[in-house]
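K.L.:
In this note's numbering, each residue's number is its place in the sequence shown (first place is 1) plus 459.
Input: one structure, supplied below.
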Amino acid sequence: MKDKKKSRKRPANVFLALDFFVWMKLLQRHRFQLGLRRIPLGIAITFVTMAGTLARWLEQAIYGRRVSKTEIKEPPVFIIGHWRSGTTLLHELLGMDSRHVCPTTYECFFSNHFLLTERFLKPLLNCLVPARRVQDNMAMDLDLPQEDEIALGFLGAPSPYMNMAFPNRLREYEDCYDLEQLAPQEVQRWKRIFLSFLKRITYARSGRLIIKSPTHTFRIKVLLSMFPDARFVHIVRDPYRVFQSTMHMWRSVFLAYGLQTPDFAGLEDSVFETFNRMYEKLGETKGLIAPAHFYELRYEELVKDPVDQMRRLYGHLSLGDFEANLLPELNSYLAKTALYKTNQYDMTPELRDKIAGRCKKVIKRYNYPALEERAREQA
């Protein structure tokens, strides 16, 4: 019999997991401009989010006092870098260490009430989760590590990911990348929501938090104000590949989860501008991190020799005994995923030249050769 999970063409809409009041604010901000075909979905989201918010209140009543007393004892590790640079892969690799705690897909998508509902709701929802992510070939599962930016947006923190709902207004949430651009009270609200989420994760499972989100690349100063001894791992990848893959990612996500038919107007410019702003901000703020707490690696080198790269990472950040805590699980994982293939994209000469021009500072900073040079090297 054909696997129904693998045959699903469209995943369940992520906005079903929103807080009801966040959903209402989202609709008001966009003047209820749902696409005609998405109106039934919008009605469904309204009723489902009501139930989710009731669950949030109940969770708060049961667990709130205990969560508020929870301490985050070890400095978190933040994985940063542009989308499609290998942050997900690195998150999963670090998550294999049993001493580490990564927010899971269930905890992030059901961030309002996961402490209350995970035990009984997660098994029921597994059938709604596609085997692979909509933007690439990587496995999708409610227990796999997930980026916390999703949780923060669903909890009502300022987040650029809310543009997934109304993708035809791409500029609506641009100020939510760099939190220093927000009003002080908004930054404090973001910190409060973020800390509360991390405490709930820590209450559920003790260990060093491994947090991954490309958006945090903009937020080093804010994160250090919360966790002065935090570790940061920056992964960088060939900008030519990153741009194409990022365009594919946003197109896929907008089609899968958008509440209006996306026209993709201005998407290319937005991707280029966000890319350059991210690396400008990283250049401005990474000097705030103690050298022993910052590690940078290349995706290409991680894929080529993951054991050596992870050993170096552990040593630089003093994460403990690599051989005992990660190597056995890492070897097992590598044996299972040896046949994994990344998406491949054709590149026209026009696009190649455009990327070379608009991303030239980053290409030069990280010494990524032009495609022509790479072709000559491989000949």
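Glycine included, each C-beta is placed from N, C-alpha and C at the ideal position.
Near residue 570, what residues of its chain come up, given a Cβ to Cβ distance below 7 Å and the 5 sequence neighbours on each side ignored?
P.N.:
For the purposes of this step, residue 570 is identified with residue 111 of the sequence shown, where counting begins at 1. If we look at residue 570 and ignore the five residues flanking it on each side, its Cβ neighbours are 610, 613, 614 and 656.
K.L.:
Write down every uninterrupted run of the alpha helix (DSSP H) in the region 495 to 546 whose length is 4 residues or greater and which is fully enclosed by it, in chain order.
P.N.:
498 to 527
K.L.:
Please classify residue 489: does DSSP put it in a helix, a strand, or coil?
P.N.:
Within the sequence shown, the letter at position 30 stands for residue 489. Correct three-state label for residue 489: coil.
K.L.:
On a CA-only basis, which of 719, 730 and 776 is nearest residue 707? Give me that one, please.
P.N.:
Counting from one through the sequence shown, the residue named residue 707 turns up at place 248. For residue 707, the nearest C-alpha among the options comes from 730.
K.L.:
What does residue 671 pair with, by DSSP beta-bridge criteria?
P.N.:
Within the sequence shown, the letter at position 212 stands for residue 671. In the DSSP output, where bridge partners are listed per residue, residue 671 has 538.
K.L.:
So does residue 706 have its beta carbon nearer than 6 Å to some heavy atom of the ligand FMN?
P.N.:
What this structure holds is no ligand at all, so the ligand FMN is not there to describe.
K.L.:
Going by DSSP, what residue range makes up the beta strand (DSSP E) through residue 748?
P.N.:
Taking the sequence shown and counting its residues from 1, one reaches residue 748 at position 289. Segment: none, residue 748 is in no beta strand (DSSP E) and carries neither H nor E.
K.L.:
What are the residues that DSSP puts in a beta bridge with residue 754?
P.N.:
Mapped onto the sequence shown, residue 754 falls at position 295. Per DSSP, 692.
K.L.:
Give me the Cβ distance between residue 475 and residue 514, rounded to the nearest whole Å; I'm assuming they're in contact under 8 Å.
P.N.:
Along the sequence shown, read from residue 1 onward, the residue named residue 475 stands at position 16. Along the sequence shown, read from residue 1 onward, the residue named residue 514 stands at position 55. With a beta-carbon spacing of about 13 Å, residue 475 and residue 514 fall beyond the 8 Å limit used to define contacts.
K.L.:
Give the secondary structure of residue 604 by DSSP, where H, G and I count as helix, E and B as strand, and everything else as coil.
P.N.:
Residue 604 sits at position 145 when you count from the first residue of the sequence shown. It is a strand residue.
K.L.:
Please list, in chain order, all residues of the same chain as residue 757 whose beta carbon is under 8 Å from its beta carbon, the five residues on each side excluded.
P.N.:
The count along the sequence shown starts at 1 and reaches residue 757 at position 298. Once the five neighbours on either side are set aside, the close Cβ partners of residue 757 are 694, 695, 696 and 825.
K.L.:
Who does residue 559 pair with in a DSSP beta bridge?
P.N.:
Taking the first residue of the sequence shown as position 1, residue 559 is located at position 100. In the DSSP output, where bridge partners are listed per residue, residue 559 has 667.
K.L.:
Answer yes or no: do residue 828 and residue 686 have a C-beta to C-beta separation smaller than 7 Å?
P.N.:
Here residue 828 refers to the residue found at position 369 when the sequence shown is read from its first residue. Here residue 686 refers to the residue found at position 227 when the sequence shown is read from its first residue. At least 7 Å separates the beta-carbon of residue 828 from that of residue 686.
K.L.:
Span of the alpha helix (DSSP H) holding residue 436?
P.N.:
For residue 436 there is no data in the structure shown, the boundaries of the chain being 460 and 838.
K.L.:
If I follow the unbroken alpha helix (DSSP H) through residue 566, where does it start and stop?
P.N.:
Taking the sequence shown and counting its residues from 1, the one referred to as residue 566 is at position 107. From DSSP, the alpha helix (DSSP H) with residue 566 extends over 564 to 568.
K.L.:
Please state whether the Cβ-Cβ distance between residue 518 and residue 572 is less than 7 Å.
P.N.:
For the purposes of this step, residue 518 is taken as residue 59 along the sequence shown, with counting starting at 1. For the purposes of this step, residue 572 is taken as residue 113 along the sequence shown, with counting starting at 1. In this structure, the beta-carbon distance from residue 518 to residue 572 falls below 7 Å.
K.L.:
Is it buried or exposed for residue 629, if we count other Cβ within 10 angstroms and need 16 for buried?
P.N.:
Translated into positions along the sequence shown, residue 629 becomes position 170. Residue 629 should be labelled buried.
K.L.:
Give me the residue from 489, 528, 526 and 479 with the minimum Cα distance to residue 627.
P.N.:
Looking up residue 627 in the sequence shown gives position 168. Sorting 489, 528, 526 and 479 by C-alpha distance to the C-alpha of residue 627 places 489 at the top.
K.L.:
Exposed or buried, residue 478, counting other C-beta atoms within 10 Å across all chains shown (16 or more means buried)?
P.N.:
In the sequence shown, counting from the first residue as 1, residue 478 sits at position 19. Buried.
K.L.:
Can you tell me which of the three DSSP states residue 479 falls into?
P.N.:
Mapped onto the sequence shown, residue 479 falls at position 20. If DSSP states are grouped into helix, strand and coil, residue 479 belongs with the helices.
K.L.:
Should residue 579 be labelled buried (16 or more other beta-carbon atoms within 10 Å of its own) or exposed?
P.N.:
Along the sequence shown, read from residue 1 onward, the residue named residue 579 stands at position 120. Residue 579 is exposed by the Cβ-count criterion.
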